[in-house]
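Novice: So that we are looking at the same thing, I have put the structure below in structure tokens.
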Amino acid sequence: MTQRASLLQGTLDLLILKALSTGELHGLGVSRRIEQMTGGTFAVQPGSLFPALHRLEESGWLASEWEASENNRRAKYYKLTKAGKRQLGEATEQWNRVALAMTKALEA
Amino acid sequence: MAIRARVASLIRNLTRRQRIERDLDEELRATVEMLADEKVRAGFTPDAARCAALAELGGVESIKEQVRDVRAGAVLDTVGQDVRYAIRLLRRYPLFALTAALSLAVGIGANTAVFTIGKSLLRFSPVAVSDPDRLVDIGRSFDGLPIGFNPGSYPDYLDIRRRTTTLEHVYAHPLFPKDMRVESADGNEKVVGDVVTTNYFAALGAHAAIGRLFSPDESDAQGASPLAVLSHRYWVRSFNADPGIVGQTIRVNRYPVTVIGVTPEGFQGTTVVAVDMWVPMSMVTFVTGAAPAQLDARQGGWVVMGARLKPGASVQQAVADLAGIDRSLRQEYPGQQHPQPFRLLPATPMADKMPLAAAALLLLGAVASTVLVIACANVAGLLIARASGRGREMALRLAVGASRSRLIRQLLTETLLLFAIGAAGGIALARAMTTALMSVLPALPIPVHLSLTLDWRVVALTCSLACVAALLSGLAPALHASRADVSTVLKEEGQGASARLRMRSAFVVAQVALSLVLVFVGGLFTRALQVASSTDAGFDARGVDVASIDASSGVDGNAARLNVAREVLERVRSVPGVTSASMASMLPLANESMGIGLTLPGAVSAPGTSEEVAGNGNVVAPGYFSTLQIPIVVGRDFTDRDVAGAPLVAIVGEAAARRFWPSEDPIGKRLIVNGGSRPGAAIQVIGVVRDIRSRVLDFGTVPFVYLPLSQHDPANLTLLVRSGNGRSVASGVRAAIAGLRTSPQAISIQSLEDVVAVALTPQRVGAFVAGSLGLVGVLLAAIGIYGVTAYTVSRRTREIAIRCALGAHRGTVVRLVIRHALSLTAVGCVIGLVLGAIAGQVLSMLLVGISPLDPPTLVSAVLLCLFIALAGCVVPTMRAVRVAASDALRAE
């Protein structure tokens, strides 16, 4: 909860793609999954989450479908498209390069 | 592919907007419900869970707005929304929309019209003229004014042509095209002909539509090339566009000339006058009244020149080149050259011949810009007034999640829509205004051709003008409104309104000031026109006919010419109905000028030195002053005894008498006149006459000298005939002249009033347009002042109602409100007066005959503005005090 402001530009997209890599989720599910994946370090605000989901869908990396939720509510589920999977791979690779460089730089 | 996905979703977003909106709505609602489910599981009651879920989500509408913003085509989407919303608003407040759009239409229309007229007057119609930017006009400078030309002499033209190193294709033609008569099967047709040197068309780079144009190889020696070129318009009008006319002989003023070609359609030469025919300079003594001596005379002037800059040469280099030529000519011909130096300016079809037109155009541009500024001030004032009324709406929209930039965009869209309507109206209005102007023009004695079509450049200018104006007048209110502080505005309105009030007050003041300037300047021009067109130009043109006389045909020598002239005068004076007749080398107000330099004997009299006073003069026969009814103040008129051998005599104007002999009797004093045909000779003054306006731009301060015809043999002669009973004596005069043994020709008899009317045309057109623009400005100012004061009063309705309810006398309340509005108006008037005085000074050279601070104009302009402001606040105030207190309080 304390880290909400320091979500780097671009990391949110990567986190969403990663959250969806194990299967389809609705908006709230994506938010919860990111919290879980980062050990509660990142809590995504709905005001950032929904625009990001729609932006990724517009870019063709996500697809959405209306389905019944676990509580039998109708919810909009997002899943990765083929392009989305490719994008996740590329973005992960790039992130690793940046992270490695940053770590090196900070330890030097 | 990301792009393809993006395009696909753009199309989806635009085509299935409702479906997508519904999806978004449902998605968020589902999220809220799922959040609530989580809370219930954590032990919340269902109601508390729902509240907590909503709180965690934040504003639903705000999220929606953010999602919409990332969607492809979001900008298009919101613009469409803004436009729809703006249209709805404008329809809800039709009076506001109408007022604002009308103001803008008038402002934009006036500018478009002035720009259209300006373009046609100041720029060559590019039709068939190649590279017009390299063309220059050449003449002599005009009394030290920065614009305008005095004509030069024919030897000037020959000298410049021979000596210049920076110009090529130096050509010459008379200051004005001439009336000519072409003989046809059904009598004579009057046409407008220009006499040009044979290199004229080559200089312009023009080519014939049919046949050929004059070639520079053809001689300008008198009688050498009896040719003519027809304008396309004339060829279609009078020859049914028959190509067979080329090679035919027509008779122009009785002289046979061969038609060699027709100019391309739309070709207009270098003048704004619609020319029907061009004849070469070699015909000038045949088809106009010019004497052969005119071609050799260095004194006086009758031609304007033009040329094309040599490749690589600049205007500055050409000016320096001409100054050098001027210096050496003055050394070679001391006392014979025109006292004014050469002047060279980039060519225009108008400005050189009519400096007034250029100046008037500048003025019109300024006036039209002022009208537009007033219109913008109106709209900005209205927008600000309305924005303060919409503070609550803005705050509400901010509260439910609209961003400030979105609000500003929305307000600017509204403004732009207004301006789009205004621009459309403006273009329509400009068409109407130029049409109105065209309907004024045909009343002129000389046909004028202006291409007043609205082309794409004009429309583009109008649109960019509208956009800039919209941004200027829309941005301030938009920023203002979007700064609204949500909580305070929603809680209570009216707090912090003082800044807004100040801004609105500033608008009232500015509007009153600008309107006053406009009304004042418009009034000055109308007054100047009144004075200019009144008969009191110092002479009486009514009942006077004038005719160019060619006294030289068939006679040789000056003495013989003078005899012919005397004989003509004797015969004309005996024609029944003629009360007096005379001759002069120039007509007053006919745009002709004889520049002379004056010095007193004994002073260092080298021509061109500072001792020499630039003056103007005329060579006249006895009876000139009585024919034009110019009063002789002291002394006598010329008589037939002032002949060549007798002592040289002159009559001077009052300004000259004041200039040279301020406290002495000028009669019997001597004066040296350079630039006449007796340079250096001391001439005795025998009389002083009242000064007349000899040229449109006369201030009555230029020393004027009349010289007798018999001692000065001018190159050009015009007959002036006054008839007593208003009947035209033209036929009698023609018959009298035709009966003479030597048969001189009277060419084109016309009334002096027509000649004067031509001279005053620019002023008349200028006054017409300035007057109507001034009127428009008054209307706009009235709308603006009324709108702003009325709104201010309406904001005080509650206060007025409370005052009335508490027992305040209605009259007291009305006075209170009016005092505020009038104090603003008074401040505006004071500022306007200062600006008006400055404008008057700047324009003083155009305002012949009236003071630039003309009291009647000044007083009526101020009264008018005060009256409008009074009406603007009295009416709404009266309405306010009549409203029942309970109604007013409830309305708030």
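Listed in order, the protein sequences are those of chains G and E.
Each residue of the first sequence is one higher than the one before, starting from 0 at the first, in numbering that gives the first Met the number 0.
Each residue of the second sequence is one higher than the one before, starting from 0 at the first, in numbering that gives the first Met the number 0.
Just so you know, even glycine gets a beta-carbon here, dropped at the ideal spot from N, CA and C.
1) Using only the alpha-carbon positions, how far apart do glycine 614 of chain E and leucine 134 of chain E sit?
2) I want to verify the contact list: residues of chain G whose CB lies under 7 Å from the CB of aspartate 132 of chain E, in sequence order.
3) Would you say valine 813 of chain E lies against chain G (beta-carbon separation less than 7 Å)?
4) Have a look at phenylalanine 506 of chain E and valine 861 of chain E and give me their C-alpha separation to the nearest angstrom.
5) In angstroms with no decimal places, state the Cα-to-Cα distance between serine 859 of chain E and valine 826 of chain E.
6) Note the first and the last residue of the continuous alpha helix (DSSP H) segment covering isoleucine 19 of chain E.
7) Does the beta-carbon of glutamine 494 of chain E have 16 or more other beta-carbons within 10 angstroms, so that it is buried, or is it exposed?
8) Distance, Cα to Cα, leucine 739 of chain E vs serine 547 of chain E?
9) Alpha carbon to alpha carbon, how far is alanine 367 of chain E from alanine 100 of chain E? Give it in angstroms, no decimals.
10) Whole angstroms are fine: how far does the CA of valine 755 of chain E sit from the CA of isoleucine 629 of chain E?
11) Taking the CB atoms as reference points, tell me whether valine 374 of chain E and glycine 106 of chain E lie closer together than 7 Å.
12) Nearest chain E C-beta to phenylalanine 49 of chain G closer than 7 Å, yes or no?
13) Tell me whether threonine 111 of chain E sits in a helix, a strand or coil according to DSSP, three-state version.
14) Leucine 27 of chain G versus chain E: which residues are under 9 Å apart at the beta carbon?
15) Going along the chain, which residues of the region 51 to 70 of chain G sit with their C-beta nearer than 7 Å to a C-beta in chain E?
16) I need the boundaries of the alpha helix (DSSP H) containing tyrosine 153 of chain E, first residue and last residue.
17) Please report whether the beta-carbon of serine 504 of chain E lies at a distance below 7 Å from any beta-carbon of chain G.
18) Would you check if the distance between the CB atom of arginine 658 of chain E and the CB atom of glycine 537 of chain E is smaller than 7 Å?
19) Once the 5 residues before and after glycine 210 of chain E are set aside, which same chain residues still bring their CB inside 7 Å of it?
20) Do you know how far the Cα of arginine 18 of chain E is from the Cα of leucine 61 of chain G?
21) Using beta carbons (cut-off 7 Å, strictly below), is serine 83 of chain G in contact with chain E?
22) Could you tell me how far apart the beta carbons of glycine 831 of chain E and valine 516 of chain E are, in whole angstroms, since I believe they sit closer than 8 Å?
23) Going by DSSP, what residues sit across from leucine 474 of chain E in a beta bridge?
24) Using a Cβ cut-off of 7 Å (strictly closer), state whether glycine 57 of chain E contacts chain G.
25) Could you list the residues in the region 396 to 411 of chain E with a C-beta less than 9 Å from some C-beta on chain G, going in chain order?
26) Is valine 190 of chain E closer than 7 Å to aspartate 275 of chain E when the C-beta atoms are compared?
27) CB-CB under 8 Å to aspartate 132 of chain E, same chain, minus the five flanking residues each way: which ones, in chain order?
28) Which runs of the alpha helix (DSSP H) spanning at least 4 residues fall entirely within the region 222 to 262 of chain E, listed in chain order?
29) Looking at chain G, is there any beta carbon in it that lies within less than 7 Å of the beta carbon of valine 66 of chain E?
30) Short of 6 Å in beta carbon distance, which residues of its chain neighbour lysine 177 of chain E, apart from the five on each side in sequence? Order them along the chain.
31) Decide if the region 465 to 474 of chain E is in contact with the region 390 to 406 of chain E; the criterion is three or more beta carbon pairs, one per stretch, under 8 Å apart.
32) Beta carbon of proline 665 of chain E, beta carbon of valine 687 of chain E: below 7 Å?
33) How long is the line joining the alpha carbons of threonine 414 of chain E and tyrosine 84 of chain E, rounded to whole angstroms?
34) Per DSSP, what kind of secondary structure is glycine 210 of chain E in: helix, strand or coil?
35) In whole angstroms, what is the alpha-carbon distance linking leucine 53 of chain E and glutamate 26 of chain E?
36) Tell me serine 47 of chain G's beta-bridge partners as DSSP assigns them.
Specialist: Once the coordinates are examined:
1) On the second sequence, residue 614 of chain E is found 615 positions in, with the first residue counted as 1. On the second sequence, residue 134 of chain E is found 135 positions in, with the first residue counted as 1. Distance between the alpha carbons of glycine 614 of chain E and leucine 134 of chain E: 30 Å.
2) Indexing the second sequence from 1 puts residue 132 of chain E at position 133. Chain G residues near aspartate 132 of chain E: none, gap ~52 Å exceeds 7 Å.
3) Here the question's residue 813 of chain E lines up with position 814 in the second sequence. No, its Cβ sits nowhere closer than 7 Å to a Cβ of chain G.
4) Looking up residue 506 of chain E in the second sequence gives position 507. Looking up residue 861 of chain E in the second sequence gives position 862. About 18 Å.
5) By one-based count along the second sequence, residue 859 of chain E stands at place 860. By one-based count along the second sequence, residue 826 of chain E stands at place 827. Cα-Cα distance, rounded: 17 Å.
6) Position 20 of the second sequence, counted from the start, is the residue given in the question as residue 19 of chain E. Per DSSP, isoleucine 19 of chain E belongs to the alpha helix (DSSP H) from 16 to 40.
7) Numbered from its first residue, the second sequence carries residue 494 of chain E at position 495. Low local confidence applies: a pLDDT of 43 at glutamine 494 of chain E is under 50, so the model's placement there is unreliable, and no value is given.
8) Counted from its first residue, the second sequence places residue 739 of chain E at position 740. Counted from its first residue, the second sequence places residue 547 of chain E at position 548. Looking at the two C-alpha atoms, the distance is approximately 16 Å.
9) Mapped onto the second sequence, residue 100 of chain E falls at position 101. Mapped onto the second sequence, residue 367 of chain E falls at position 368. The straight-line gap from Cα to Cα measures roughly 17 Å.
10) To locate residue 629 of chain E, count along the second sequence from 1; it is residue 630. To locate residue 755 of chain E, count along the second sequence from 1; it is residue 756. Taken atom to atom, the span from the alpha-carbon of isoleucine 629 of chain E to that of valine 755 of chain E is near 16 Å.
11) Taking the first residue of the second sequence as 1, we reach residue 374 of chain E at position 375. Taking the first residue of the second sequence as 1, we reach residue 106 of chain E at position 107. Sequence inspection shows alanine at residue 374 of chain E; the valine mentioned does not correspond to that position. Yes, these two residues count as a Cβ contact at 7 Å.
12) Along the first sequence, one-based indexing puts residue 49 of chain G at 50. At a cut-off of 7 Å between beta-carbon atoms, phenylalanine 49 of chain G makes contact with chain E.
13) Taking the first residue of the second sequence as position 1, residue 111 of chain E is located at position 112. Correct three-state label for threonine 111 of chain E: helix.
14) As a position in the first sequence, residue 27 of chain G is number 28, starting the count at 1. Ala29, Thr30, Met33, Leu34 and Glu37, listed in chain order.
15) His53, Arg54, Glu57, Ser58, Gly59, Ser68 and Asn70
16) By 1-based counting over the second sequence, the position of residue 153 of chain E is 154. It spans 153 to 162 - the alpha helix (DSSP H) in which tyrosine 153 of chain E sits, taken as one unbroken run.
17) Position 505 of the second sequence, counting from 1, holds the residue named residue 504 of chain E. By this cut-off, serine 504 of chain E is not an interface position.
18) Counting from one through the second sequence, the residue named residue 658 of chain E turns up at place 659. Counting from one through the second sequence, the residue named residue 537 of chain E turns up at place 538. The answer is no: Cβ separation not under 7 Å.
19) On the second sequence, position 211 is the one that residue 210 of chain E refers to. Excluding sequence neighbours, glycine 210 of chain E sits near Val245, Ile259, Gly260 and Val261.
20) Counting from 1 along the first sequence, the entry for residue 61 of chain G is found at position 62. Counting from 1 along the second sequence, the entry for residue 18 of chain E is found at position 19. Cα to Cα, the separation comes out at about 19 Å.
21) For the purposes of this step, residue 83 of chain G is taken as residue 84 along the first sequence, with counting starting at 1. The question names serine, yet the displayed sequence has glycine at residue 83 of chain G. Judged by the 7 Å Cβ criterion, glycine 83 of chain G is not in contact with chain E.
22) Translated into positions along the second sequence, residue 831 of chain E becomes position 832. Translated into positions along the second sequence, residue 516 of chain E becomes position 517. That belief holds up - the Cβ atoms of glycine 831 of chain E and valine 516 of chain E are roughly 5 Å apart, short of 8 Å.
23) For the purposes of this step, residue 474 of chain E is taken as residue 475 along the second sequence, with counting starting at 1. Partner residues in a beta bridge of leucine 474 of chain E, as assigned by DSSP, do not exist.
24) Start at 1 with the first residue of the second sequence, and residue 57 of chain E comes out as number 58. So, interface residue.
25) none
26) Taking the first residue of the second sequence as 1, we reach residue 275 of chain E at position 276. Taking the first residue of the second sequence as 1, we reach residue 190 of chain E at position 191. Yes.
27) Here the question's residue 132 of chain E lines up with position 133 in the second sequence. Answer for aspartate 132 of chain E: Pro345, listed in chain order.
28) 231 to 238
29) In the second sequence, counting from the first residue as 1, residue 66 of chain E sits at position 67. Yes, contact with chain G.
30) Here the question's residue 177 of chain E lines up with position 178 in the second sequence. Closer than 6 Å at Cβ, skipping near neighbours: Gly192 and Thr287.
31) no
32) On the second sequence, residue 665 of chain E is found 666 positions in, with the first residue counted as 1. On the second sequence, residue 687 of chain E is found 688 positions in, with the first residue counted as 1. Contact: yes.
33) As a first step, residue 414 of chain E must be located in the second sequence, where it is residue number 415. As a first step, residue 84 of chain E must be located in the second sequence, where it is residue number 85. Near 12 Å, if we compare the C-alpha coordinates of tyrosine 84 of chain E and threonine 414 of chain E.
34) The residue given as residue 210 of chain E occupies position 211 in the second sequence. Three-state DSSP puts glycine 210 of chain E in a strand.
35) Counting from one through the second sequence, the residue named residue 53 of chain E turns up at place 54. Counting from one through the second sequence, the residue named residue 26 of chain E turns up at place 27. Near 14 Å, if we compare the C-alpha coordinates of glutamate 26 of chain E and leucine 53 of chain E.
36) Along the first sequence, one-based indexing puts residue 47 of chain G at 48. According to DSSP, serine 47 of chain G bridges with nothing at all.
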